[in-house]
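Chemist:
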(Lines of atoms letter the chains of each structure in order from A; the text may use other names.)
(Lines give C-alpha, C1' and ligand atoms only; values in the text may rest on other atoms or scores of the structure.)
Protein backbone atom coordinates (compact mmCIF):
# COMPACT_ATOMS: atom_id res chain seq x y z
CA UNK A 1 0.00 0.00 0.00
CA UNK A 2 1.12 3.57 -0.67
CA UNK A 3 -0.25 7.11 -0.75
CA UNK A 4 0.82 10.39 -2.31
CA UNK A 5 1.11 13.93 -0.94
CA UNK A 6 1.46 17.01 -3.12
CA UNK A 7 2.20 20.57 -1.95
CA UNK A 8 2.24 23.97 -3.66
CA UNK A 9 3.81 27.36 -3.16
CA UNK A 10 2.59 30.64 -1.74
CA UNK A 11 -0.89 31.93 -2.53
CA UNK A 12 -0.88 35.75 -2.33
CA UNK A 13 -3.92 37.43 -3.81
CA UNK A 14 -2.64 40.81 -4.97
CA UNK A 15 -5.16 43.36 -6.36
CA UNK A 16 -4.41 42.62 -10.07
CA UNK A 17 -5.47 39.01 -9.45
CA UNK A 18 -8.75 40.22 -7.95
CA UNK A 19 -9.31 42.25 -11.09
CA UNK A 20 -8.60 39.16 -13.21
CA UNK A 21 -11.06 37.12 -11.13
CA UNK A 22 -13.73 39.78 -11.79
CA UNK A 23 -13.06 39.65 -15.55
CA UNK A 24 -13.25 35.84 -15.52
CA UNK A 25 -16.57 35.92 -13.67
CA UNK A 26 -17.96 38.41 -16.16
CA UNK A 27 -16.68 36.39 -19.14
CA UNK A 28 -18.62 33.39 -17.83
CA UNK A 29 -21.79 35.48 -17.67
CA UNK A 30 -21.71 35.93 -13.93
CA UNK A 31 -20.84 38.53 -11.36
CA UNK A 32 -18.45 38.73 -8.44
CA UNK A 33 -15.10 36.95 -8.47
CA UNK A 34 -14.02 33.66 -10.01
CA UNK A 35 -10.47 32.44 -9.35
CA UNK A 36 -11.21 29.06 -10.89
CA UNK A 37 -9.94 29.79 -14.43
CA UNK A 38 -6.63 31.08 -13.07
CA UNK A 39 -5.97 27.86 -11.15
CA UNK A 40 -7.63 25.34 -13.48
CA UNK A 41 -4.31 24.31 -15.04
CA UNK A 42 -3.25 22.81 -11.71
CA UNK A 43 -6.16 20.40 -11.42
CA UNK A 44 -4.79 17.43 -13.39
CA UNK A 45 -1.75 17.26 -11.10
CA UNK A 46 -3.26 18.31 -7.77
CA UNK A 47 -6.43 16.23 -7.96
CA UNK A 48 -4.47 13.00 -8.41
CA UNK A 49 -2.85 13.20 -4.97
CA UNK A 50 -4.31 11.47 -1.93
CA UNK A 51 -3.46 14.57 0.13
CA UNK A 52 -2.93 18.00 -1.47
CA UNK A 53 -1.61 20.82 0.71
CA UNK A 54 -1.77 24.52 -0.16
CA UNK A 55 -0.16 27.50 1.57
CA UNK A 56 -2.52 30.46 2.01
CA UNK A 57 -0.28 33.33 3.03
CA UNK A 58 -2.91 36.02 3.45
CA UNK A 59 -5.99 36.49 5.64
CA UNK A 60 -9.39 36.61 3.97
CA UNK A 61 -11.81 39.51 3.93
CA UNK A 62 -15.62 39.43 3.98
CA UNK A 63 -17.10 38.23 0.67
CA UNK A 64 -17.85 41.78 -0.48
CA UNK A 65 -14.58 43.29 0.73
CA UNK A 66 -12.98 45.64 1.25
CA UNK A 67 -9.94 43.88 -0.23
CA UNK A 68 -6.35 45.01 0.05
CA UNK A 69 -2.87 43.95 -0.98
CA UNK A 70 0.64 44.52 0.31
CA UNK A 71 1.55 45.47 2.98
CA UNK A 72 -1.67 44.58 4.82
CA UNK A 73 -3.53 41.87 2.92
CA UNK A 74 -7.25 41.12 2.96
CA UNK A 75 -8.00 38.66 0.17
CA UNK A 76 -11.37 37.57 -1.24
CA UNK A 77 -12.71 34.38 0.37
CA UNK A 78 -13.60 33.12 -3.14
CA UNK A 79 -9.97 32.00 -3.43
CA UNK A 80 -10.73 29.23 -0.92
CA UNK A 81 -13.43 27.79 -3.17
CA UNK A 82 -11.06 27.81 -6.15
CA UNK A 83 -8.32 26.03 -4.19
CA UNK A 84 -10.77 23.33 -3.13
CA UNK A 85 -12.10 22.97 -6.66
CA UNK A 86 -8.67 22.15 -8.12
CA UNK A 87 -8.20 19.43 -5.52
CA UNK A 88 -6.48 20.84 -2.45
CA UNK A 89 -7.55 19.25 0.83
CA UNK A 90 -5.80 21.34 3.49
CA UNK A 91 -4.06 24.73 3.74
CA UNK A 92 -1.28 25.94 5.98
CA UNK A 93 -2.00 29.44 7.30
CA UNK A 94 1.08 30.28 9.40
CA UNK A 95 2.76 33.22 7.67
CA UNK A 96 4.10 36.71 8.26
CA UNK A 97 0.82 38.14 6.86
CA UNK A 98 -1.78 36.00 8.62
CA UNK A 99 -2.28 38.58 11.38
CA UNK A 100 -2.58 41.54 8.97
CA UNK A 101 -6.30 41.87 9.82
CA UNK A 102 -5.98 40.86 13.46
CA UNK A 103 -8.06 38.26 15.24
CA UNK A 104 -11.11 39.01 13.08
CA UNK A 105 -9.07 38.22 9.97
CA UNK A 106 -7.93 34.89 11.40
CA UNK A 107 -11.51 33.94 12.24
CA UNK A 108 -12.81 34.94 8.81
CA UNK A 109 -10.03 33.02 7.10
CA UNK A 110 -10.60 29.77 8.95
CA UNK A 111 -14.38 30.07 8.63
CA UNK A 112 -14.08 30.60 4.86
CA UNK A 113 -11.73 27.63 4.45
CA UNK A 114 -14.19 25.41 6.29
CA UNK A 115 -17.10 26.62 4.15
CA UNK A 116 -15.05 25.67 1.08
CA UNK A 117 -14.40 22.22 2.54
CA UNK A 118 -10.71 22.79 3.25
CA UNK A 119 -8.88 21.71 6.37
CA UNK A 120 -6.53 24.30 7.86
CA UNK A 121 -3.71 24.56 10.36
CA UNK A 122 -1.14 27.13 11.46
CA UNK A 123 -3.52 29.65 13.03
CA UNK A 124 -6.45 29.16 15.36
CA UNK A 125 -9.58 30.76 16.80
CA UNK A 126 -9.08 29.42 20.32
CA UNK A 127 -6.48 27.81 22.53
CA UNK A 128 -8.32 24.50 22.31
CA UNK A 129 -8.18 24.59 18.51
CA UNK A 130 -4.48 25.46 18.57
CA UNK A 131 -3.72 22.60 20.97
CA UNK A 132 -5.44 20.02 18.77
CA UNK A 133 -3.02 18.48 16.23
CA UNK A 134 -4.19 18.66 12.62
CA UNK A 135 -4.36 14.97 11.74
CA UNK A 136 -5.87 13.96 8.40
CA UNK A 137 -6.84 10.42 7.44
CA UNK A 138 -5.16 9.67 4.10
CA UNK A 139 -6.24 6.32 2.74
CA UNK A 140 -6.64 5.20 6.33
CA UNK A 141 -3.25 6.56 7.43
CA UNK A 142 -3.22 9.36 10.06
CA UNK A 143 -1.05 12.19 8.68
CA UNK A 144 -0.25 15.25 10.78
CA UNK A 145 0.34 18.61 9.10
CA UNK A 146 1.95 21.25 11.35
CA UNK A 147 2.84 24.76 10.02
CA UNK A 148 4.96 27.52 11.59
CA UNK A 149 6.14 31.01 10.63
CA UNK A 150 9.36 32.90 11.41
CA UNK A 151 7.24 35.89 12.46
CA UNK A 152 4.18 38.00 11.71
CA UNK A 153 5.46 41.13 10.00
CA UNK A 154 4.83 44.35 11.89
CA UNK A 155 1.84 42.80 13.67
CA UNK A 156 2.33 41.53 17.20
CA UNK A 157 0.39 38.54 18.45
CA UNK A 158 -1.82 39.62 21.37
CA UNK A 159 -0.08 38.59 24.57
CA UNK A 160 -3.28 37.02 25.87
CA UNK A 161 -3.93 35.12 22.61
CA UNK A 162 -0.61 33.63 21.47
CA UNK A 163 -2.48 30.76 19.86
CA UNK A 164 -3.74 32.96 16.98
CA UNK A 165 -0.74 31.94 14.84
CA UNK A 166 2.14 29.48 15.16
CA UNK A 167 5.70 30.86 15.48
CA UNK A 168 8.81 28.82 14.77
CA UNK A 169 10.12 27.90 18.20
CA UNK A 170 11.20 25.00 20.34
CA UNK A 171 7.50 24.03 20.45
CA UNK A 172 7.87 22.43 17.02
CA UNK A 173 9.58 19.36 18.46
CA UNK A 174 7.04 18.94 21.23
CA UNK A 175 4.08 19.36 18.92
CA UNK A 176 5.48 16.83 16.46
CA UNK A 177 5.79 14.34 19.31
CA UNK A 178 2.31 15.27 20.52
CA UNK A 179 0.95 14.50 17.05
CA UNK A 180 2.68 11.12 17.13
CA UNK A 181 1.17 10.37 20.53
CA UNK A 182 -2.24 11.38 19.14
CA UNK A 183 -1.90 8.67 16.50
CA UNK A 184 -0.14 10.32 13.56
CA UNK A 185 1.97 7.87 11.58
CA UNK A 186 3.40 10.57 9.31
CA UNK A 187 4.31 14.16 10.31
CA UNK A 188 4.69 16.92 7.72
CA UNK A 189 5.91 20.41 8.64
CA UNK A 190 5.21 23.60 6.69
CA UNK A 191 7.86 26.23 7.47
CA UNK A 192 7.40 29.89 6.52
CA UNK A 193 11.06 30.90 6.54
CA UNK A 194 14.07 32.17 4.59
CA UNK A 195 15.03 35.30 2.69
CA UNK A 196 12.68 36.71 0.09
CA UNK A 197 13.65 36.41 -3.59
CA UNK A 198 16.68 34.21 -2.86
CA UNK A 199 17.12 30.81 -4.47
CA UNK A 200 19.69 29.70 -1.92
CA UNK A 201 18.50 28.76 1.58
CA UNK A 202 19.70 31.15 4.25
CA UNK A 203 22.17 29.99 6.90
CA UNK A 204 19.31 30.04 9.41
CA UNK A 205 17.17 27.82 7.17
CA UNK A 206 20.03 25.36 6.79
CA UNK A 207 20.67 25.28 10.52
CA UNK A 208 16.99 24.82 11.38
CA UNK A 209 16.64 22.05 8.82
CA UNK A 210 19.44 20.15 10.53
CA UNK A 211 17.89 20.73 13.96
CA UNK A 212 14.38 19.72 12.90
CA UNK A 213 15.50 16.54 11.18
CA UNK A 214 17.82 15.40 13.96
CA UNK A 215 15.12 13.20 15.51
CA UNK A 216 12.71 10.72 13.99
CA UNK A 217 9.45 12.64 14.52
CA UNK A 218 9.33 14.56 11.21
CA UNK A 219 9.00 12.96 7.78
CA UNK A 220 8.92 15.93 5.34
CA UNK A 221 9.51 19.69 5.57
CA UNK A 222 7.71 22.01 3.13
CA UNK A 223 9.21 25.50 2.84
CA UNK A 224 7.50 28.77 1.86
CA UNK A 225 7.93 32.56 1.99
CA UNK A 226 10.93 33.22 -0.31
CA UNK A 227 8.72 33.82 -3.41
CA UNK A 228 11.44 32.02 -5.36
CA UNK A 229 12.06 28.32 -5.83
CA UNK A 230 14.65 26.85 -3.48
CA UNK A 231 16.37 23.44 -3.48
CA UNK A 232 15.32 20.01 -2.28
CA UNK A 233 17.67 18.20 0.09
CA UNK A 234 17.88 14.93 2.04
CA UNK A 235 18.94 15.68 5.61
CA UNK A 236 19.17 13.17 8.46
CA UNK A 237 16.79 10.83 6.63
CA UNK A 238 14.19 13.54 5.95
CA UNK A 239 13.37 15.32 2.69
CA UNK A 240 13.36 19.12 2.90
CA UNK A 241 11.93 21.38 0.19
CA UNK A 242 13.37 24.71 1.26
CA UNK A 243 11.05 26.83 -0.89
CA UNK A 244 8.17 26.16 -3.28
CA UNK A 245 8.15 29.62 -4.85
CA UNK A 246 4.77 31.17 -5.65
CA UNK A 247 1.70 29.22 -6.68
CA UNK A 248 -0.44 32.33 -7.31
CA UNK A 249 0.81 35.89 -6.93
CA UNK A 250 1.18 39.16 -8.86
CA UNK A 251 3.92 41.22 -7.27
CA UNK A 252 4.11 44.92 -8.10
CA UNK A 253 7.59 44.35 -9.55
CA UNK A 254 7.80 41.26 -11.74
CA UNK A 255 11.17 39.59 -11.21
CA UNK A 256 10.54 36.63 -13.46
CA UNK A 257 11.45 34.27 -10.63
CA UNK A 258 8.43 35.44 -8.59
CA UNK A 259 6.14 33.89 -11.19
CA UNK A 260 7.88 30.52 -10.90
CA UNK A 261 7.09 27.75 -8.46
CA UNK A 262 6.88 24.03 -8.03
CA UNK A 263 4.50 21.38 -6.83
CA UNK A 264 6.44 18.88 -4.74
CA UNK A 265 5.09 15.36 -4.40
CA UNK A 266 5.92 12.42 -2.17
CA UNK A 267 4.96 8.77 -2.41
CA UNK A 268 4.87 7.09 1.00
CA UNK A 269 5.09 3.33 1.41
CA UNK A 270 5.15 1.19 4.53
CA UNK A 271 8.31 -0.70 5.41
CA UNK A 272 9.64 -2.14 8.68
CA UNK A 273 6.51 -1.04 10.50
CA UNK A 274 6.62 2.65 9.54
CA UNK A 275 5.84 4.93 6.60
CA UNK A 276 8.72 6.31 4.55
CA UNK A 277 9.06 8.47 1.45
CA UNK A 278 10.01 6.07 -1.33
CA UNK A 279 9.74 8.40 -4.31
CA UNK A 280 9.46 12.14 -4.62
CA UNK A 281 9.54 14.70 -7.34
CA UNK A 282 8.41 18.11 -8.44
CA UNK A 283 6.34 19.71 -11.16
CA UNK A 284 7.53 23.17 -12.24
CA UNK A 285 4.73 25.75 -12.40
CA UNK A 286 4.45 29.25 -13.83
CA UNK A 287 2.06 32.16 -13.31
CA UNK A 288 1.65 33.38 -16.88
CA UNK A 289 0.96 37.10 -16.50
CA UNK A 290 -0.07 37.49 -20.13
CA UNK A 291 -3.75 38.38 -19.91
CA UNK A 292 -5.74 36.47 -18.96
CA UNK A 293 -3.50 35.50 -16.02
CA UNK A 294 -3.24 31.72 -15.75
CA UNK A 295 -1.20 29.25 -13.68
CA UNK A 296 0.26 26.44 -15.77
CA UNK A 297 2.13 23.24 -15.02
CA UNK A 298 5.13 23.54 -17.30
CA UNK A 299 5.59 19.90 -18.39
CA UNK A 300 2.00 19.80 -19.64
CA UNK A 301 2.20 23.23 -21.25
CA UNK A 302 5.48 22.47 -23.05
CA UNK A 303 4.05 19.20 -24.37
CA UNK A 304 1.44 21.17 -26.33
CA UNK A 305 2.63 21.38 -29.97
CA UNK A 306 0.43 24.45 -30.51
CA UNK A 307 2.04 26.50 -27.72
CA UNK A 308 2.99 29.87 -29.29
CA UNK A 309 6.72 30.44 -29.60
CA UNK A 310 6.67 33.57 -27.41
CA UNK A 311 5.16 31.50 -24.60
CA UNK A 312 7.41 28.51 -25.25
CA UNK A 313 10.60 30.54 -24.78
CA UNK A 314 9.43 31.87 -21.41
CA UNK A 315 8.10 28.48 -20.32
CA UNK A 316 11.34 26.71 -21.20
CA UNK A 317 13.37 29.30 -19.31
CA UNK A 318 11.21 28.84 -16.22
CA UNK A 319 11.24 25.06 -16.50
CA UNK A 320 15.03 24.80 -16.74
CA UNK A 321 15.67 27.35 -14.00
CA UNK A 322 13.27 25.60 -11.62
CA UNK A 323 14.76 22.21 -12.40
CA UNK A 324 18.32 23.47 -11.87
CA UNK A 325 17.52 25.16 -8.57
CA UNK A 326 15.39 22.32 -7.19
CA UNK A 327 18.07 19.71 -7.91
CA UNK A 328 20.96 21.90 -6.80
CA UNK A 329 21.47 20.15 -3.46
CA UNK A 330 20.09 16.73 -4.33
CA UNK A 331 23.35 15.42 -5.83
CA UNK A 332 24.99 15.57 -2.41
CA UNK A 333 22.02 14.06 -0.61
CA UNK A 334 23.63 10.79 0.47
CA UNK A 335 23.07 8.98 -2.81
CA UNK A 336 19.37 9.86 -2.92
CA UNK A 337 19.41 11.39 -6.43
CA UNK A 338 17.76 8.35 -8.00
CA UNK A 339 14.73 8.77 -5.72
CA UNK A 340 13.85 12.12 -7.30
CA UNK A 341 11.67 12.40 -10.39
CA UNK A 342 11.72 15.73 -12.12
CA UNK A 343 8.32 16.28 -13.66
CA UNK A 344 5.28 14.17 -12.82
CA UNK A 345 3.78 11.66 -10.40
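Numbering (this note's numbering), first residue to last: 1 to 345. The beta-carbon is built from N, C-alpha and C at its ideal position, and this holds for glycine as well.
Check residue 335 in the structure and name its three-state DSSP category.
Modeler: Sequence index remark: in the chain shown, residue 335 carries index 335 (1-based). A caution first: residue 335 carries a pLDDT of 49, below 50, which makes its placement in the model too unreliable to give a value.
Chemist: Per the DSSP calculation, residue 137 is bridged to which residue(s)?
Modeler: Start at 1 with the first residue of the chain shown, and residue 137 comes out as number 137. 142.
Chemist: Which of helix, strand or coil does DSSP assign to residue 48?
Modeler: Counted from its first residue, the chain shown places residue 48 at position 48. Reduced to three states, the DSSP call for residue 48 is coil.
Chemist: Please classify residue 31: is it buried, with 16 or more other beta-carbons within 10 angstroms of its beta-carbon, or exposed?
Modeler: Here residue 31 is taken as the residue at index 31 of the chain shown, counted from 1. Residue environment for residue 31: exposed (fewer than 16 other C-beta atoms within 10 angstroms of its C-beta).
Chemist: For residue 324, count neighbouring C-beta atoms within 10 Å of its own C-beta (all shown protein chains included) and say buried if the count is 16 or more, exposed if not.
Modeler: On the chain shown, position 324 is the one that residue 324 refers to. Under the 10 Å beta carbon count, residue 324 is surrounded by fewer than 16 other beta carbons and is classified as exposed.
Chemist: From 259, 46, 21, 254, pick the residue whose C-alpha is nearest to that of residue 248; which is it?
Modeler: Counting from one through the chain shown, the residue named residue 248 turns up at place 248. It is 259 whose Cα lies nearest to the Cα of residue 248.
Chemist: Would you kindly work out how many angstroms separate the C-alpha atoms of residue 278 and residue 142, rounded to a whole number?
Modeler: For the purposes of this step, residue 278 is identified with residue 278 of the chain shown, where counting begins at 1. For the purposes of this step, residue 142 is identified with residue 142 of the chain shown, where counting begins at 1. Taking C-alpha positions only, residue 278 is separated from residue 142 by approximately 18 Å.
Chemist: Any chance the stretch 76-94 sits against the stretch 34-43, with 3 or more Cβ pairs inside 8 Å?
Modeler: yes
Chemist: Which residue marks the beginning of the beta strand (DSSP E) containing residue 244, and which one marks its end?
Modeler: Along the chain shown, read from residue 1 onward, the residue named residue 244 stands at position 244. Note, residue 244: premise wrong, no beta strand (DSSP E); not H, not E.
Chemist: Using a threshold of 9 Å, state whether the C-beta atoms of residue 217 and residue 145 are closer than that.
Modeler: For the purposes of this step, residue 217 is taken as residue 217 along the chain shown, with counting starting at 1. For the purposes of this step, residue 145 is taken as residue 145 along the chain shown, with counting starting at 1. Not in contact: residue 217 and residue 145 (Cβ atoms no closer than 9 Å).
Chemist: Which of helix, strand or coil does DSSP assign to residue 57?
Modeler: As a first step, residue 57 is located in the chain shown; it is residue number 57 there, counting from the start. Note: residue 57 maps to coil in three-state DSSP.
Chemist: How about residue 263 and residue 251: are their beta carbons less than 9 Å apart?
Modeler: Counting from one through the chain shown, the residue named residue 263 turns up at place 263. Counting from one through the chain shown, the residue named residue 251 turns up at place 251. The Cβ atoms of residue 263 and residue 251 lie no closer than 9 Å to each other.
Chemist: How big is the Cα-Cα spacing for residue 335 and residue 150?
Modeler: Taking the first residue of the chain shown as position 1, residue 335 is located at position 335. Taking the first residue of the chain shown as position 1, residue 150 is located at position 150. Below a pLDDT of 50, predicted positions are generally treated as unreliable, and residue 335, at 49, falls in that range; the measurement from the model is reported next regardless. Whole-angstrom Cα-Cα distance: 31 Å.
Chemist: State the DSSP-derived secondary structure class of residue 98, mapped to helix, strand or coil.
Modeler: In the chain shown, residue 98 corresponds to position 98, counting from 1. The answer is coil: DSSP assigns residue 98 none of H, G, I, E or B.
Chemist: In terms of alpha-carbon separation, which member of 238, 201, 269, 185 lies closest to residue 1?
Modeler: Position 1 of the chain shown, counted from the first residue, corresponds to residue 1. The residue with the shortest Cα to Cα distance from residue 1 is 269.
Chemist: Between residue 94 and residue 165, which are expected to be in contact by the criterion C-beta below 8 Å, what is the C-beta distance as a whole number of angstroms?
Modeler: Here residue 94 corresponds to residue number 94 of the chain shown, with the count starting at 1. Here residue 165 corresponds to residue number 165 of the chain shown, with the count starting at 1. About 6 Å; that satisfies the 8 Å criterion.
Chemist: Any C-beta of chain B sitting closer than 9 Å to the C-beta of residue 110?
Modeler: Absent here is chain B; the protein component of the structure consists of one chain.
Chemist: What are the partner residues of residue 307, as DSSP defines its beta bridges?
Modeler: As a first step, residue 307 is located in the chain shown; it is residue number 307 there, counting from the start. None; residue 307 has no bridge partner.
Chemist: Where do the ends of the alpha helix (DSSP H) carrying residue 173 lie?
Modeler: Here residue 173 corresponds to residue number 173 of the chain shown, with the count starting at 1. Counting along the chain, the alpha helix (DSSP H) containing residue 173 begins and ends at 171-181.
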